[in-house]
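S.K.:
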Amino acid sequence: MISQGQVLPAISLTQLADDGMQTLTNDDLFAGKKVVLFAVPGAFTPTCSNAHLPEFITLADKIKAKGVDAIYCVSVNDAFVMKAWGEAHNAEHIQMLADGDASFTKALGLDKDTAGFGGVRSTRYAMIVDDQTVTGLFVEQDKEFVVSRAEAVLEKL
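Printed below as a string of C-alpha cells:
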C-alpha cells in the first residue's frame, strides 16, 4: 500500500466533461498542486451518497481555504456514472474521476475484492497530495467511516 511520503504511481483517470471524455494523467491532476483526494467503494451507494460525498461538498470552501487547489473524488466506476453522481449531488466544486478498470486503485494497493457486490473496488480512504507526493493518508478499516471524513481531513490540513 502506498504510504505517506511516497510519490503517486504514474496513472490516468477519466472524467466526462462538458466537452467530452478526458483522460487525465498525474501531471494533469497533481503536478504543482495541493490536492485532497477521497475514494469511495462505489457511486450511488449508501454511505458514499449519504455522507462521504455530501460532507466534502459542504466543506469544500473550508478545505480550499487551507490552500488546497482541488478536491477529487475517485471511484471504480465509469466516467458516465461519476458525472451523473456528481450532478445528482450538485458537486460542482468536486472533480469526479473514474477509475473504471481499478488500475489507479490497484497501483496504490488500496483495492479490495467485494465479490458479488461489484468485484474489485476501492477501499474507502482520503489523502492529501502535494505536487504528486502523498503528505497525508487516511485509510478506513472495513465497515468504518471515521478517518476519511471531510471534517477529519480538514483538521489535518
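Note that our numbering has the sequence shown beginning at 5, numbered continuously upward. Backbone N, C-alpha and C define an ideal beta-carbon position, used for all residues, glycine too. Treat the numbers as computed from the prediction; the structure is a model and nothing was measured.
(1) Would you mind working out which of S152, E144, T137 sits nearest S7, comparing C-alpha positions?
(2) Is the beta carbon of T127 closer than 8 Å to that of L114?
(3) Put K38 into one of helix, strand or coil per three-state DSSP.
(4) With 16 as the cutoff for other CB atoms within 10 Å, does D103 come out buried or exposed?
(5) Whose C-alpha, out of K70, G36, V40, K110, is nearest the C-alpha of S16?
(6) Less than 8 Å between the beta carbons of Q19 and L101, yes or no?
(7) To the nearest angstrom, how far is it from the Cα of M25 to the Cα of A83?
(8) Within 10 Å of its beta-carbon, does G36 have 16 or more other beta-carbons around it, so buried, or fewer, so exposed?
M.R.: Here's the rundown:
(1) T137
(2) yes
(3) strand
(4) buried
(5) K110
(6) yes
(7) 8 Å
(8) exposed
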